[in-house]
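Notes follow once the structure below has been shown.
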Amino acid sequence: MRMPRSMKAMKTVFALLLYCAAWSAHAALIDDINRLRTKGCGKQAVASQLKSNNELDAVAKVWSDGRRLAAAIKQANYPAVNSASMRVEGTKDDAMILKVLAQRYCDTLTGRDFTEIGLFRQNDSVWIVVASRYFPPAPKDIGQISEDALALVNAARSKPRRCGSTEFEAAPPVTLSPELGRAALIHARDMAAHAHFEHEGTDGSKPSERISRVGYDWRNAAENIAMGPVDAQGVVDGWLNSAGHCANIMSPRSTQMGLAYAVTKDRQVYWAQEFASPR
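Quick look at the structure:
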């Protein structure tokens, strides 16, 4: 027996009303959480609000099924730099939920590193996930990022520094070299294309050979590589915290540098930094 069109229409409207009501409640709770975040809940207030995110809603739902947060983030394909989770059980009342959040999760709610939020509600439980999205550097930004890295490198070289067990005096600043930048780009792209995190290229080349190939006549040459950081600050900080990479940065023999990065389809970033002095 066929259902009359009027009844089908009524069921559709009813389902739509239920969806709108659920979404309204969802949005209202996020608004309340943001008010709690900006108020401070006993901690220092944070001016920035968390942006509602459908992908994090999906993460919260997967997490509610008993998966670990990291697995839920991976399943939802959310590119998280950092993340945290909160769970409140035993109440459907938003005021009580906010009270529990303020008491148990204030540090998380006021975390300055978090920018987005998602949640899932079922019965008398709510699962909440906060995170910040990973944004790999764009190819068009290489000029500015190279300038930023240069400034950080020269700031490090301007003062004495200990790299592992070796003490370095302050060194003169280096300048950017387009040729060294091309050599760095060649190796960064090679590493990214082949998931090959090594100083030796997939063609067997050494850093000095790649620098020679771009037409740079060098007296000394050195290379730093990295995988993971998304900006100049992160990659230079990582190198300075590694004895060998730090030594390359502080070496007074180098007068020029080049920097490049390449990003894979799964948003992994490979970096190469070349140091040299021309003959």
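Residue numbers for the sequence shown follow the working numbering, so the first one is 78 and each next one is one higher. Where is the CB? At the ideal position from N, CA and C, for every residue including glycine. Since the model is a prediction, treat every value here as computed from it, not as a measurement.
How about residue i and residue j: do their beta carbons lie closer than 7 Å?
i: Gln333; j: Thr279; result: no
i: Gly315; j: Ala303; result: yes
i: Ala137; j: Leu196; result: yes
i: Pro216; j: Val346; result: no
i: Val139; j: Gln152; result: yes
i: His271; j: Glu300; result: no
i: Ser254; j: Gly335; result: yes
i: Arg259; j: Arg296; result: no
i: Ser202; j: Glu256; result: no
i: Leu133; j: Ala233; result: no
i: Pro237; j: Glu246; result: yes
i: Ala135; j: Ile222; result: no
i: Pro156; j: Arg189; result: no
My guess is that residue i and residue j are in contact by the Cβ rule of under 8 Å, so how many angstroms apart are they, rounded?
i: Ala261; j: Ala353; result: About 11 Å separates the two Cβ atoms, so there is no contact after all.
i: Leu113; j: Leu178; result: 7 Å
i: Val313; j: Ala226; result: 6 Å
i: Ala208; j: Asn159; result: 7 Å
i: Ala298; j: Cys240; result: Between Cys240 and Ala298 the Cβ distance is about 18 Å, and since that is not below 8 Å, they are no contact.
Please report how far the alpha carbon of residue i lies from the alpha carbon of residue j, in whole angstroms.
i: Gln199; j: Pro306; result: 37 Å
i: Leu106; j: Asp171; result: 7 Å
i: Ser319; j: Thr168; result: 50 Å
i: Ala98; j: Ala124; result: With a pLDDT of only 44 at Ala98, under 50, the local geometry of the prediction cannot be trusted, and no value is derived from it.
i: Ser162; j: Ile150; result: 11 Å
i: Ser141; j: Arg344; result: 27 Å
i: Asp108; j: Val340; result: 35 Å
i: Leu146; j: Asp184; result: 18 Å
i: Ile194; j: Trp204; result: 11 Å
i: Lys342; j: Ala269; result: 9 Å
i: Gly117; j: Gly143; result: 30 Å
List the endpoints of the continuous beta strand (DSSP E) containing residue i.
i: Glu193; result: 193-199
i: Ser160; result: 157-166
i: Pro355; result: 346-355
i: Asn131; result: First-last for Asn131: 131-141, but that is the alpha helix (DSSP H), not the beta strand (DSSP E).
i: Glu277; result: First-last for Glu277: undefined, no H or E at that position.
i: Glu286; result: Here Glu286 belongs to no beta strand (DSSP E); instead the alpha helix (DSSP H) covers 284-290.
Let me check you understand the geometry: is the CB of residue i closer than 6 Å to at least one non-hydrogen atom of the ligand MN?
i: His273; result: Absence of the ligand MN from the depicted structure is noted, as is the absence of any ligand whatsoever, leaving it without description.
Under a Cβ-count criterion, where at least 16 other Cβ atoms within 10 Å of its own Cβ denotes burial, should residue i be classed as buried or exposed?
i: Asn131; result: exposed
i: His273; result: exposed
i: Gly281; result: exposed
Please report the residue range of the alpha helix (DSSP H) in which residue i lies.
i: Cys183; result: 183-186
i: Ser319; result: Ser319 -> no alpha helix (DSSP H), and no H or E assigned at all.
i: Glu224; result: 219-234
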